[in-house]
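2 protein chains.
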Amino acid sequence: MKKASLKDIAQQAGVSTALVSYVLNGKEKETRVGEAIAQKIRLIAKELNYQPNHLAKSLRSGKTHTIGLIIADISNPFFANIARVVEDEAKKNGYTVIIGSCDEHAEKSWDLLNVLINRQVDGFIIVSCEGSENQVHYLKERNIPFVLLDRHFPEIQTDFVATNNYKASYDAGIHLIKSGYKKIGIMAYKSNMYHMEERVRGYKHALRDNKIEFHDAWLKEVHFETMDSEVRTAIDEILASEQRVDAMIFATYGLAINALKYITELRLQVPSDLAIVSYGQAEVFDLYYCPITYVQQPLEMLGKTSVEFLLKKLKNPDEGMKQILMEAKLIARDSSKPKTSAVNG
Amino acid sequence: MKKASLKDIAQQAGVSTALVSYVLNGKEKETRVGEAIAQKIRLIAKELNYQPNHLAKSLRSGKTHTIGLIIADISNPFFANIARVVEDEAKKNGYTVIIGSCDEHAEKSWDLLNVLINRQVDGFIIVSCEGSENQVHYLKERNIPFVLLDRHFPEIQTDFVATNNYKASYDAGIHLIKSGYKKIGIMAYKSNMYHMEERVRGYKHALRDNKIEFHDAWLKEVHFETMDSEVRTAIDEILASEQRVDAMIFATYGLAINALKYITELRLQVPSDLAIVSYGQAEVFDLYYCPITYVQQPLEMLGKTSVEFLLKKLKNPDEGMKQILMEAKLIARDSSKPKTSAVNG
DNA sequence: TTTTTTAGATTAAACGATTAAGCAAAATAT
DNA sequence: ATATTTTGCTTAATCGTTTAATCTAAAAAA
Chain Y
1 MKKASLKDIA QQAGVSTALV SYVLNGKEKE TRVGEAIAQK IRLIAKELNY QPNHLAKSLR
61 SGKTHTIGLI IADISNPFFA NIARVVEDEA KKNGYTVIIG SCDEHAEKSW DLLNVLINRQ
121 VDGFIIVSCE GSENQVHYLK ERNIPFVLLD RHFPEIQTDF VATNNYKASY DAGIHLIKSG
181 YKKIGIMAYK SNMYHMEERV RGYKHALRDN KIEFHDAWLK EVHFETMDSE VRTAIDEILA
241 SEQRVDAMIF ATYGLAINAL KYITELRLQV PSDLAIVSYG QAEVFDLYYC PITYVQQPLE
301 MLGKTSVEFL LKKLKNPDEG MKQILMEAKL IARDSSKPKT SAVNG
Chain R
1 MKKASLKDIA QQAGVSTALV SYVLNGKEKE TRVGEAIAQK IRLIAKELNY QPNHLAKSLR
61 SGKTHTIGLI IADISNPFFA NIARVVEDEA KKNGYTVIIG SCDEHAEKSW DLLNVLINRQ
121 VDGFIIVSCE GSENQVHYLK ERNIPFVLLD RHFPEIQTDF VATNNYKASY DAGIHLIKSG
181 YKKIGIMAYK SNMYHMEERV RGYKHALRDN KIEFHDAWLK EVHFETMDSE VRTAIDEILA
241 SEQRVDAMIF ATYGLAINAL KYITELRLQV PSDLAIVSYG QAEVFDLYYC PITYVQQPLE
301 MLGKTSVEFL LKKLKNPDEG MKQILMEAKL IARDSSKPKT SAVNG
């Protein structure tokens, strides 16, 4: 029992496929289909449990109602959460999502892009990785609709939905300072990605605005690929330095996890030995013996808005560029509680 | 500058599209295409950067090289990790994966199934949820290839790849008993899913084989949807009961997380007040002040094998049924360390 | 020399839908 | 009664491939 096609319905109804198509697409008015025959077609369609063939539709229309989501890694909770939001929001609008993980690797990202372009996704939502500017330019040139998510390139005019990382880091810095910490370090990825630079810049400005001199040794930049080992070295160094820090900001969830493991090994007490504020969010932060203060990014909003922007663009390609920076929220916990009883609760 | 099609190449080469198709699909030998013309076609194809249109191919062949992966929730680390493995393994074989989250909800799962069938995925990898037996039967009837992953229905003959949950729970129980715990509870989902029942059965048998009488109060079954509140009640009850437990097994990651949060609130010490073994795996288990003993499922193998089974089935639909149960590994940590110095290190 | 075979190409249908264009009959206008 | 419009439907091209069937000329065999 094969799937029923338009033709099958047409035959049973004794009409042409055109009529069937018109009726089933609700164009009976414009195309003046007789009411009687329309009824009949609808009935037969229901009887045969007709399901239109997406492939054929897509081939004809050039639209697949599919969007490609390129992220670093679906097994990372941040991206997994984003993916879930995107999936739901897309489904709500009749779109299907194909997710690809590029491991922060421009080459993989490029492969994914091509695979998905070949599969004729209607558009992309992309969490760009370092060195993928050419890909963004490529999409622009080829006029393939896309929205950058979470990260963007300020020197390239694109739609994007991201977090105000500068502000988030600034707030994190201020928070630590207000809590009485004066020697504050930050660990970030070695990267010239704008979002990462902003996370560092915000931190620096928080220091500056509070007359705290920034020391180069306080900034630790590690490579994504070799994070596991580099984080340890970095922590060793930052604690051994002349200007030993009493607090640290971790610019990503991955960094924080690695650091926490090492800090636990070292039997350092949080926050007395080292106060902590981290980006990202996950169960660990709640359940760590000293709950971790973190920068809560508006995941839901980021995901939803990116889908919204993309779909609008698909409906109307000529619509203006949409760019939005959303504010993160600092969730204060014990890992950054006031150093002395002097300040705050 | 539109994408080049077979026709474009054919025109430039001054031949028919058939020839181009033959050459580009490596059928030049069987179909006796002249060597000279074949060269020319390949050259032009390269020049025009020809990329075949997947939609057209699929429409013709009935194969989309796409597989549907239905899981409970991509934002759950267990499934996210599985998804990643599946994604990679599929890509290695030229397949694309479409992931759908059904939230342990048979109705959503059914929707997803239909959406994906309509999108003509070639086959499915499914983590079944409660009450989805009809869906499995449906797939069998319609002869749509699929492999059940992580969970299966023993009363339905299907391909599947799963963990030996009975053995895993049995091992967990034995481990606790050997560590000196005698009053061991278990928390699971209220469910008649086989994998969940097996997790409970293994635990019970571990008790039985060690002459420990099982008390009904030791088994706490909570509903997935209302887990947050029910877990608390369950813990309260199991601790207040006459046969207060000194150790607990959590049958899923989600249960463990909720329980740990509450246990922390209650200021219970792990393992002295309550020893713990949990299913699932994630950073939390490492970073909890008392690292959590957990049942490590062979994620990578599960994912890989499920893809392998499915692809084999796609190649050769008549191949026999493939079923495999993989062994989990208990990772012993401090949360279940020996109660007295009597046993073990 | 005639017939058969073979190499090398083309034609056209098919996959399942959409849709512009066309056509005949009925209804309306002149 | 004739011209025009409207109604209701069909035809056929199209999207980009694949592939069975066919064709043609040249080569091989009879």
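Order-wise, the sequence lines are chains Y and R.
Heads up, the first sequence is in the UniProt record's numbering, so the first residue is 1 and it goes up one at a time.
Heads up, the second sequence is in the UniProt record's numbering, so the first residue is 1 and it goes up one at a time.
The beta-carbon is built from N, C-alpha and C at its ideal position, and this holds for glycine as well.
As the structure is a computational prediction, the values presented were derived from the model and not from experiment.
Using only alpha-carbon positions, find the residue among the options that is nearest to residue i.
| i | options | result |
| --- | --- | --- |
| F250/R | Y95/R, K140/R, I9/R and Y294/R | Y294/R |
| L24/Y | G14/Y, L43/Y, Q11/Y and Q12/Y | L43/Y |
| I71/R | D236/R, A18/R and D111/R | D111/R |
| Q51/Y | E89/R, L116/R, A18/R and Q39/R | L116/R |
| T226/R | G254/R, K40/R and D209/R | G254/R |
| A106/R | G94/R, K337/R, N134/R and G303/R | N134/R |
| A10/R | R32/R, G68/R, I37/R and L113/R | I37/R |
| residue 369/R | V161/R, L302/R, G94/R and K108/R | Limits of chain R in this structure are 1 at one end and 345 at the other, which puts residue 369/R out of reach. |
| S278/R | G173/R, D236/R, M321/R and S241/R | G173/R |
| V307/R | R232/R, H137/R, V136/R and K92/R | K92/R |
| G320/R | Q157/R, D122/R, E141/R and E327/R | Q157/R |
| Q296/R | A162/R, I324/R, A234/R and S241/R | A162/R |
| K3/R | N118/Y, S75/Y and S109/Y | N118/Y |
| K182/Y | I212/Y, E28/Y, R32/Y and K322/Y | I212/Y |
| Q39/Y | V15/Y, M196/Y and I276/Y | V15/Y |
| N210/R | D171/R, T252/R and A18/R | D171/R |
| D216/Y | D228/Y, A234/Y, K337/Y and F224/Y | A234/Y |
| D246/R | K337/R, A168/R, N192/R and E230/R | K337/R |
| F214/R | R232/R, M248/R and R32/R | M248/R |
| V85/R | T305/R, P317/R, K329/R and E242/R | T305/R |
| R232/R | L113/R, T252/R and M187/R | M187/R |
| N114/R | K315/Y, N143/Y, N53/Y and L266/Y | N53/Y |
Taking residue i and residue j to be in contact with their CB atoms under 8 Å, please state how far apart those CB atoms are, rounded to whole angstroms.
| i | j | result |
| --- | --- | --- |
| P154/Y | Y189/Y | Contact flag wrong, Cβ pair sits at about 18 Å. |
| G185/Y | I257/Y | Between I257/Y and G185/Y the Cβ distance is about 17 Å, and since that is not below 8 Å, they are no contact. |
| D73/Y | F79/Y | 6 Å |
| L55/Y | L59/R | 4 Å |
| Y41/R | G68/R | What sits at residue 41/R in the sequence shown is Ile, not Tyr. Not really, about 36 Å apart at Cβ, beyond 8 Å. |
| D122/R | K57/R | Going by Cβ atoms, the distance from D122/R to K57/R rounds to 13 Å, so no, they are not a contact pair. |
| N164/Y | L325/Y | 4 Å |
| H65/Y | T96/Y | 7 Å |
| S75/Y | S109/Y | So it is not a contact: roughly 17 Å between Cβ atoms. |
Using the beta-carbon of each residue, which ones in chain R are nearer than 8 Å to residue i?
| i | result |
| --- | --- |
| T264/Y | L287 |
Taking C-beta pairs closer than 8 Å, name the residues in chain Y that residue i reaches, listed in chain order.
| i | result |
| --- | --- |
| Q120/R | N53, H54 and L55 |
| K261/R | D286 and L287 |
| P77/R | S75, P77 and A80 |
| R84/R | D73, I74, S75 and S101 |
Which chain R residues sit within Cβ distance under 7 Å of residue i?
| i | result |
| --- | --- |
| S58/Y | L55 |
| N210/Y | The contacting residues do not exist; N210/Y stays about 31 Å from chain R at best. |
I want to verify the contact list: residues of chain Y whose CB lies under 9 Å from the CB of residue i, in sequence order.
| i | result |
| --- | --- |
| T96/R | I98, G100, V115, L116 and R119 |
| I257/R | E283, D286 and L287 |
Run through chain R and tell me which residues come within less than 9 Å of residue i, C-beta to C-beta.
| i | result |
| --- | --- |
| V307/Y | In chain order: nothing, as chain R lies at least about 15 Å away. |
| I276/Y | Chain R residues near I276/Y: none, gap ~12 Å exceeds 9 Å. |
| E87/Y | I74, I99, G100 and S101 |
Who are the neighbours of residue i on chain Y, taking C-beta pairs under 7 Å?
| i | result |
| --- | --- |
| A217/R | Those do not exist, as A217/R stays about 26 Å from chain Y at its closest Cβ, beyond 7 Å. |
Can you tell me whether residue i sits near the ligand FAD, meaning its C-beta is under 7 Å from at least one heavy atom of the ligand?
| i | result |
| --- | --- |
| L325/R | Judged by which ligands are present, the structure shown has none, so any question about the ligand FAD falls away. |
Answer yes if the stretch 144-151 of chain R comes into contact with the stretch 119-128 of chain R, meaning at least three C-beta pairs across the two stretches below 8 Å, and no otherwise.
These segments touch.
Identify every run of the alpha helix (DSSP H) within the stretch 200-257 of chain R, keeping only runs that are complete inside it and at least 4 residues long; order them along the chain.
If we require 4 residues or more, the alpha helix (DSSP H) runs fully inside the stretch 200-257 of chain R come out as 227-240.
Could you pull out every unbroken beta strand (DSSP E) segment of at least 3 residues lying fully inside the stretch 287-341 of chain R, listed in chain order?
Entirely contained in the stretch 287-341 of chain R, the beta strand (DSSP E) runs reaching 3 residues are, in chain order, 293-296, 323-326 and 329-331.
Run through the stretch 83-132 of chain R for me and flag every whole beta strand (DSSP E) of 3 or more residues, listed as ranges in chain order.
DSSP runs (the beta strand (DSSP E)) wholly in the stretch 83-132 of chain R: 96-101 and 123-126.
Complete alpha helix (DSSP H) runs within the UniProt domain "HTH lacI-type" (4-61) of chain Y (minimum length 4 residues, chain order)
Runs of alpha helix (DSSP H) with 4 or more residues, each lying fully within the UniProt domain "HTH lacI-type" (4-61) of chain Y, are found at 6-13, 17-24, 35-47 and 54-61, listed in chain order.
Mind the definition here: the stretch 309-324 of chain R touches the stretch 276-290 of chain Y only if three or more C-beta pairs lie below 8 Å; say whether that holds.
As far as the Cβ criterion goes, the stretch 309-324 of chain R does not touch the stretch 276-290 of chain Y, which means the pair count is below three.
Do the stretch 260-273 of chain Y and the stretch 261-280 of chain R make contact, defined as three or more Cβ pairs closer than 8 Å?
No, the stretch 260-273 of chain Y is not in contact with the stretch 261-280 of chain R.
May I ask you to verify whether the stretch 192-209 of chain R touches the stretch 265-272 of chain R, counting CB pairs closer than 8 Å and requiring at least 3?
With a cut-off of 8 Å, the stretch 265-272 of chain R and the stretch 192-209 of chain R do not count as touching, because too few Cβ pairs lie within range.
Mind the definition here: the stretch 289-303 of chain R touches the stretch 322-338 of chain R only if three or more C-beta pairs lie below 8 Å; say whether that holds.
The answer is yes - the stretch 322-338 of chain R touches the stretch 289-303 of chain R, with three or more Cβ pairs under 8 Å.
Using 8 Å as the cut-off, can you tell me whether the stretch 138-148 of chain R makes contact with the stretch 174-181 of chain R, which would need three or more C-beta pairs spanning the two stretches below that distance?
Taking one beta carbon from each stretch, the stretch 138-148 of chain R and the stretch 174-181 of chain R have fewer than 3 pairs nearer than 8 Å; the two do not touch.
What are the uninterrupted segments assigned as beta strand (DSSP E) that are 3 or more residues long and contained completely in the stretch 155-195 of chain Y, given in chain order?
Entirely contained in the stretch 155-195 of chain Y, the beta strand (DSSP E) runs reaching 3 residues are, in chain order, 160-163 and 184-189.
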